[in-house]
Structure formats: C-alpha cells, structure tokens
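Residues 1 to 668 in UniProt numbering are what the first sequence spells out, letter by letter. Even for Gly, the Cβ is constructed at its ideal location relative to N, Cα and C. A short worksheet on the structure shown next.
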Amino acid sequence: MEGGLGGNTVPPNSCDKSKVLDVKPLRTLIPIFPEASDGPPFVCVPPNGPFPSGFSPFFPFSGPQGSRSTPDINQNGFNSTPLPIRSFRAEPSTSNGQNVSYGSHKLKSTRSRSVKKKAKRSKYSEFALTALTNFNPGISLSERDDGNRELVENVLLKFDALRRKLSQMEDAKESHSGIVKRANLKAGNIMLSKGVRTNMKKRIGVVPGVEIGDIFFFRMELCLVGLHSQTMAGIDYMVIKDDLEGERLALSIVSSGRYDDDAEDPDVLVYSGQGGNASRDKEASDQKLVRGNLALERSLQRANEVRVIRGVKDDLHQSCKVYVYDGLYKIQESWMEKGKSGCNMFKYKLVRIPGQTDAFATWKSIQKWKEGLSSRAVLILPDLTSGAESTPVSLVNEVDDEKGPPHFTYSSTVKYPKSFKLVQPSFGCNCLDTCQAGNSNCSCIQKNGGDFPYTANGILVCGKPMIYECGPSCLCFRNCKNRLLQTGFKVHFEVFKTKDRGWGLRSWDPIRAGTFICEYAGEVIDKIKARQDGGDGENNEYAFHTNRLYESFKWNCETEVLGEGSSDTTECFDIPSPLIISSENSGNVARFMNHSCSPNVFWQPITYEHNNEAFLHIAFFAKRHIPPMTELTYDYGIRRSDETESNNVEYGRKKCLCGSPKCRGYFY
DNA sequence: GCCGGCTCATCGAG
DNA sequence: CCTCGATGAGCCGG
C-alpha cells in the first residue's frame with residue numbers, strides 16, 4: 001500500500017506533533033461590530049417586531065427562545081417569525097388556480113395559446129408578484145451590464161436560495177402527481193424579470209467576475225451571470241452591427257456531452273452544430289449554416305475566442321448535470337459529417353488557449369482516480385477513516401515529505417460525556433415509512449416551524465437557529481429525508497497538506513450550495529468538569545466553539561433571498577447551551593477544515609436525540625457552489641470577551657492566512 | 001407572435 | 001436499488 005504504511009489506515013503515532021498543524025483557525029481578537037450609524041444594528045430585536053427598517057426578521061440564535069435552555073418548541077418560529085416567502089403561496093388550499101391552469105392544457109382546442117399562457121402564469125403569479133414587490137434587486141443598471149466577482153456570487157446565491165425555497169414549497173404540496181417541479185425555472189424567471197442579473201452586455205472573451213473552474217448546476221445560472229445567455233441553446237452569439245448583413249460571432253458554447261463530443265485530450269473539444277434533430281413531429285434533417293452554426297464558422301475565420309462550458313454528470317445527484325466553465329478556446333477547424341441519423345452535421349474542433357488555470361482537466365483526472373484507471377502519485381492513504389464512513393477519505397501530500405497528520409482516533413460523530421444526562425422523556429413523530437414534506441401532522445416537521453428543512457434531494461433550504469431531525473423515537477425509517485445528518489456524508493473528501501496552513505480538507509466532487517458536508521465529530525467538553533480539572537478547553541487547537549460571534553449566519557433566510565440580507569453584519573448567536581467540542585483525540589474530517597474570513601462552508605445546529613436541545617450536533621453545509629479540489633473552510637468566529645476565564649483575548653491568537661480581501665488578520 | 005433550442009424532472013422498463 | 005430512454009412542459013431570444 002502506498003506510503004509504506006502496510007495497510008494500517010491510521011497514520012503511525014510516530015509523527016512529531018509539533019511539526020504539524022501549527023495552524024489553527026481563527027478566532028479573532030478584534031471583534032468587528034458595525035457602528036450604529038452604518039447600517040442595521042444586529043440582532044437583539046424581539047421576534048414580533050417592530051423591526052428597524054432594513055433589518056430582517058430572522059433570528060439565528062437570539063431572541064427569546066435562544067435564552068431559554070428548554071425552549072417551547074411549539075413557539076418556534078411559526079407564529080413568531082414572519083416568513084415572507086411562505087406567505088406567497090399562491091393557492092392556500094388545493095387550489096383552483098392550479099387546477100385551472102393545468103386543466104387548460106387539456107382543452108387546447110378551444111383556447112388560444114395566449115389564454116393558455118396566461119392561465120399558466122397565474123399558477124405562481126401571486127408568489128412572483130409579492131416577490132417582485134419586496135424583492136430589492138440592489139443592482140444598478142450599469143452593474144447589470146458589467147459585473148464583478150461579488151455581483152456574480154451574489155446573483156448566484158440569491159438564485160439558489162430562491163430556488164431552494166420554491167423547491168421546498170413544491171415538495172410540501174399535496175403530491176398530485178403530474179405537477180412538474182420547475183423551481184429552477186421559476187426562480188430564474190423571477191430573477192430575470194426583476195433584473196437580478198449581471199453581465200447582460202454581450203461580450204467576446206472574459207466575463208468579469210466569472211472565473212475559470214466556476215461551477216453551475218442549472219443553465220439558468222449561466223444566463224444570470226452573463227456567461228452564456230441562451231437558456232437552452234448550446235451556442236450563444238452576438239450580431240456585429242457595423243458589419244454587412246448583420247455578421248454574427250460566437251461567444252460561448254455549452255457542451256452537454258449529448259453529441260459524443262468528448263475527446264481524450266481535455267484541451268480539445270469537438271462540438272456539433274445545432275439543429276437538424278428529430279422531434280415529435282419532425283424527422284431528422286441536415287443542419288444548416290445559420291444562427292449558431294454560422295456564428296461558429298465566422299468565429300473560426302476571425303479566430304476570436306469562444307468561452308467553453310463543459311456539462312458533466314453530477315456524481316452526487318445522478319440525474320443532474322454540472323456545468324464547468326473551462327475558459328477560452330479557439331476554433332481550429334470545421335467540417336461536415338453524417339450523424340447517426342444519416343443527416344449532415346457540422347463539427348467544430350475547439351482548442352483551449354494555453355496558459356489558463358486547469359478546470360475541466362482536473363475533472364478528468366478525478367474521474368480517472370475514481371475509476372482506478374490512474375492512481376494519485378501523492379496518495380498516502382486511500383481511506384484514512386478505515387471504512388468508518390461510507391465514502392473513503394483520501395490522504396495526500398503534494399507539498400513535502402510529511403506522511404500524515406498526528407495520530408487521532410477516527411470517529412464519525414460527536415460524543416457527550418456522562419455528565420450530560422438526558423432528563424426529558426423521548427417522543428418522536430408517528431410517520432410510517434418516511435416523513436412527507438407536506439404532512440402538517442408530523443411532529444418533527446412542526447418542530448421545524450412547519451417546513452421540511454431539506455429539499456427532496458437532500459439540500460438544506462436555509463439556515464435556522466435549530467434543525468430538528470427525526471430521531472430514535474420516531475417511527476419513520478432510517479431513509480426518512482429528515483435524517484440527513486445521521487446518514488453521513490456522501491462527498492468524497494481528501495485531506496491534503498496545504499502550503500502554509502498545515503493539513504486541510506477538500507473534495508473530489510463538485511458541491512452545490514446547501515449540501516451537507518459533515519458533522520463536527522469529537523468529544524464534548526464539560527466546561528464545569530474541565531474547570532475542576534484545571535483547564536477549560538481553551539488550550540485546545542482542535543476545539544469547536546458555538547458561542548463565538550459569526551458573520552453572515554443568516555444563510556438564505558427569507559429576507560436574504562429578498563435582498564435585505566447584509567452579510568457585513570456581525571451577529572451574536574446564542575444557542576441553548578454553548579458547546580465546546582474537542583477533536584484533538586478523536587474526530588472526523590471536520591477537524592481538518594481550516595479557518596477563512598470568506599469561508600465556503602458554515603455550520604448549523606441540529607438535534608435529533610433525546611428531544612433535548614442540549615444534545616446538539618454541529619453540521620457543516622456548503623455556503624455556495626464549491627468546485628472540486630477547492631479547500632473547504634469555515635469561519636472560526638470571533639471570540640467573545642467572556643470566553644476565557646482570564647478575559648485575555650490575545651490568548652491563542654494566530655495570524656490568518658486565508659488570503660481573502662475581507663481577512664480580519666487573525667483568528668483563534 | 002411564433003417557434004426552436006446540446007433543458008429538466010418524471011416515469012417506467014430492464 | 002440502479003440507470004437509461006422516452007416523454008412533455010417550459011421559457012427566453014431571435
């Protein structure tokens with residue numbers, strides 16, 4: 001086995017601990033609180049309002065329920081927290097609007113197309129209308145024309161937040177089969193109509209704010225950030241006005257893989273022209289040199305750059321596709337050949353312009369590692385969990401000779417000391433089989449404020465003060481969708497040596513926003529007992545603290561979707577009982593996640609055992625889409641002055657190397 | 001206004 | 001369970 005470790009998956013204890021992991025995450029010392037004058041103050045607002053203008057009625061961990069150790073779950077959220085989006089639900093009941101609109105499809109003979117369309121619109125028009133009224137795009141006209149990184153990220157975050165919320169609403173509808181779920185299109189429609197988009201100006205070459213390697217999960221996303229403005233067609237082009245007869249040039253293409261255009265060389269793409277496909281009422285035909293095909297031909301002659309987006313299958317969500325922006329290509333040649341149908345098709349050979357960061361090439365490599373067709377030269381261990389997780393975790397080092405992090409025991413979950421005795425009797429839901437999103441009788445859904453916390457494919461809809469999963473006393477099966485944390489992570493992780501921050505964590509799989517990353521495993525430190533023993537966990541670099549100050553924790557709450565969320569606000573979050581988890585001796589992959597001041601991962605409290613919120617699990621979720629091989633980081637938070645006995649906030653302070661423009665400089 | 005497009009989700013067969 | 005293909009609604013832009 002690699003690394004000469006002889007099949008022992010736990011790294012030998014012989015490593016010098018001091019050499020490793022000198023990096024620990026951050027907890028800054030300088031709490032950055034917004035001045036009262038610049039923007040909304042934070043948090044401590046009564047949940048029933050009145051709300052200061054500009055502040056969103058969402059209460060991460062504060063407010064009355066946060067200060068009680070045993071909150072009344074029946075009060076959680078539902079009545080006390082305004083839920084703007086939910087209130088948009090077009091048909092409160094089983095709905096005329098819906099039936100009418102669907103019914104009208106069947107009556108096509110008597111109704112004109114336009115009537116049909118109108119009826120369709122009404123299905124969610126009420127929602128859209130309210131959203132439009134409240135939706136503050138916050139994007140100026142010039143920003144709509146030309147974007148930047150921040151705008152691109154914001155647009156994508158808003159789109160996906162809206163999409164997840166709409167998915168949640170659809171999931172909860174009575175399952176009349178036949179209702180097609182198109183939350184992505186609805187979200188896209190709202191975004192486009194409200195002008196929440198950027199880079200609308202068509203351009204050749206680089207799109208400001210979109211980076212090579214960026215990933216997308218819907219065609220609509222490409223459209224919203226101006227990378228490829230066709231929602232379905234694979235070739236986007238622009239008309240050159242000062243040219244005779246409206247000459248057109250290709251701007252970007254999306255390769256979906258449907259036409260067997262995959263080449264062995266990741267820098268080469270053979271792309272098929274558009275048109276000529278057989279459809280319901282049409283035979284296959286020869287492709288014509290018009291539209292996109294003509295544009296590609298002209299781009300070949302002019303040798304202009306063409307953006308290439310590669311569509312690949314999403315390993316985590318089988319039926320879905322991921323789109324990878326692979327940078328600029330030039331068209332080298334074109335020809336015509338007979339396709340499978342026997343009709344003529346155009347073919348274009350595109351070659352990647354050298355010197356650009358690897359994107360699709362990385363995907364191809366990962367594909368080969370997964371299939372075992374090639375092994376990673378830098379692999380130390382194929383699975384450092386020794387099979388404790390359902391997916392292996394690779395251990396690699398491409399930086400130096402170190403053979404692994406210091407010894408620790410791999411444990412996939414958090415352990416509470418005996419001193420945390422459960423006091424309350426257990427009760428759970430009575431759902432048979434699995435809990436259904438629309439079932440208002442399910443007590444677990446009630447605990448979650450009436451909403452199913454995850455979408456049907458296991459994506460977190462929005463951050464909340466607490467998520468209540470089904471537990472051991474529930475009657476539902478293990479495969480209930482409300483047991484996401486308990487089923488373990490699905491992402492193929494890799495623990496790797498960073499250049500300057502010890503070991504880190506990254507993923508082979510592309511991760512979409514809201515994906516469950518992993519739990520923070522380790523041993524819960526009993527503060528009282530620890531103090532008696534002469535320590536309080538502060539001395540521990542492998543410790544997770546819930547009671548620090550965190551930025552932008554309002555991940556995708558309704559108000560953020562609606563544009564009011566301010567990620568610049570630092571908020572304090574009180575969870576029922578502050579928790580310290582040490583992963584020094586035992587832990588899982590989470591112990592390798594480094595700090596960043598602009599993280600791509602955040603944490604969320606979840607409870608499912610004992611009906612006792614003192615028994616928390618800390619679950620990590622993706623804040624945004626994360627391309628493969630990108631380091632996963634979260635915000636270690638800002639230490640409160642009362643965190644240490646001595647009030648010595650300098651204690652354990654480390655220089656932050658996250659490199660983010662918003663870096664606070666230090667962390668703990 | 002119409003219609004085409006390297007879509008997307010669902011369903012059912014194997 | 002899967003994975004695959006067929007199916008049909010869907011909407012922007014040309």
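Contacts around PHE216, its chain only, beta-carbon distance under 6 Å, and the 5 residues preceding and following it disregarded: Within the same chain, PHE216 has close Cβ partners LEU222 and TYR323.
Those runs of the alpha helix (DSSP H) which lie wholly inside the UniProt domain "YDG" (205-352) and span at least 4 residues: Segments of the alpha helix (DSSP H) lying fully in the UniProt domain "YDG" (205-352): 219-224 and 291-302.
Coarse secondary structure for TRP363, derived from DSSP in three states: TRP363 sits in a helix when the DSSP states are folded into three classes.
C-beta contact flag for THR455 and ARG164 at 8 Å: Contact flag set, yes.
Residue environment, TRP555, which counts as buried when at least 16 other CB atoms sit within 10 Å: Counting Cβ neighbours within 10 Å, TRP555 comes out buried, since at least 16 surround it.
Identity of the residue in VAL414, GLU631, ILE190 and GLY205 nearest TYR329 by Cα: Closest by alpha carbon: GLY205.
Contact the segment 387-394 vs the segment 296-311: 3+ CB pairs below 8 Å: By the Cβ rule, the segment 387-394 does not count as touching the segment 296-311, because fewer than three pairs are nearer than 8 Å.
Close-in-space but distant-in-sequence residues of the same chain around LEU294 (CB under 7 Å, 5 per side omitted): Take LEU294, set aside five residues on each side of it, and the residues of its chain with a beta-carbon closer than 7 Å to its own are ARG248, in chain order.
Simplified DSSP state of LYS497, which is helix, strand or coil: DSSP places LYS497 in the strand class (E or B) of the three-state scheme.
For VAL196, the three-state DSSP class (helix, strand or coil): DSSP places VAL196 in coil when its eight states are reduced to three.
The alpha helix (DSSP H) enclosing CYS444, as first and last residue numbers: Membership of CYS444 in the alpha helix (DSSP H) is indicated by the continuous run 443-447.
Cβ contact (3+ pairs, closer than 8 Å) linking the segment 500-509 and the segment 602-609: Fewer than three pairs of CB atoms, one per stretch, sit closer than 8 Å, so the segment 500-509 makes no contact with the segment 602-609.
From VAL207, VAL351, GLN301 and LEU227, residue whose alpha carbon lies closest to that of ASP265: Relative to the Cα of ASP265, the nearest Cα in the group VAL207, VAL351, GLN301 and LEU227 belongs to VAL351.
Cβ separation of ILE331 and LEU289, assumed to be a contact under 8 Å, to the nearest whole Å: LEU289 and ILE331 do not touch by the CB rule: their CB atoms are close to 14 Å apart, not below 8 Å.
As assigned by DSSP and simplified to three states, the class of SER582: Correct three-state label for SER582: strand.
PRO661 versus LEU151 - alpha carbon distance: Between PRO661 and LEU151, the C-alpha separation is close to 15 Å.
Beta-ladder partner(s) of LEU505, from DSSP: Its beta-bridge partners are VAL495.
Secondary structure of LEU141, DSSP reduced to three states: In this structure, LEU141 counts as helix in the three-state DSSP scheme.
Cα-Cα separation, GLN168 to ILE445: Rounded to the nearest whole angstrom, the C-alpha separation of GLN168 and ILE445 is 12 Å.
Cβ contact check for the segment 578-590 and the segment 616-626: 3 or more pairs under 8 Å: As far as the Cβ criterion goes, the segment 578-590 touches the segment 616-626, which means the pair count is three or higher.
Buried versus exposed call for GLU564 [16 or more other C-beta atoms within 10 Å across all chains shown]: Any reading at GLU564 needs caution, since the residue's pLDDT is 44, under 50, leaving its predicted position unreliable; the model's value is listed next. Flag for GLU564 reads buried.
TRP363, buried or exposed, once every other Cβ within 10 Å from all chains shown has been counted against 16: Looking at its Cβ environment, which holds 16 or more other Cβ atoms inside 10 Å, TRP363 is buried.
Reduced DSSP secondary structure (H/G/I, E/B, other) of LYS662: LYS662 sits in coil when the DSSP states are folded into three classes, being neither helix nor strand.
Same chain, Cβ closer than 7 Å to LEU269, neighbours up to 5 away in sequence not counted: So the qualifying residues of the chain are SER255, ASP261, ALA263, VAL308, TYR329 and LEU350.
C-alpha distance - SER394 paired with MET345, whole-angstrom precision: SER394 and MET345 have their C-alpha atoms spaced approximately 44 Å apart.
DSSP bridge partner residues for THR633 (one or two, in chain order): Answer by DSSP bridge pairing, in chain order: ASN594.
Three-state secondary structure (DSSP) of VAL378: Assignment of VAL378 by DSSP, reduced to helix, strand and coil, places it in the coil class.
Nearest candidate by alpha-carbon position, reference GLY188, set SER341, ASP171 and LYS158: Of the listed residues, the one whose Cα sits closest to GLY188 is LYS158.
Helix, strand or coil at THR455 [DSSP, three-state]: DSSP places THR455 in coil when its eight states are reduced to three.
Classification of PHE427 by the beta-carbon crowding that lies within 10 angstroms, buried from 16 upward: Under this definition PHE427 is an exposed residue.
Contacting residues, own chain, Cβ-Cβ under 8 Å from LEU21 (five flanking each side not counted): Legend: pLDDT at LEU21 = 32, less than 50; position of this residue unreliable, no value from coordinates given.
Where SER229 falls, given that 16 or more other Cβ within 10 Å makes a residue buried: Classification for SER229: buried.
Bounding residues of the beta strand (DSSP E) (the contiguous stretch that carries PHE408): No beta strand (DSSP E) contains PHE408, which DSSP labels as neither H nor E.
Exposure of PHE477, with buried meaning 16 or more beta-carbon neighbours within 10 Å: Classification for PHE477: exposed.
ARG512 and ILE467 closer than 8 Å at C-beta: 8 Å or more divides the Cβ of ARG512 from the Cβ of ILE467.
Close beta carbons around GLU143, own chain, < 8 Å, minus the five adjacent residues each side: For GLU143, the CB contacts under 8 Å within the same chain, skipping 5 residues up- and downstream, are LEU151 and THR198 in chain order.
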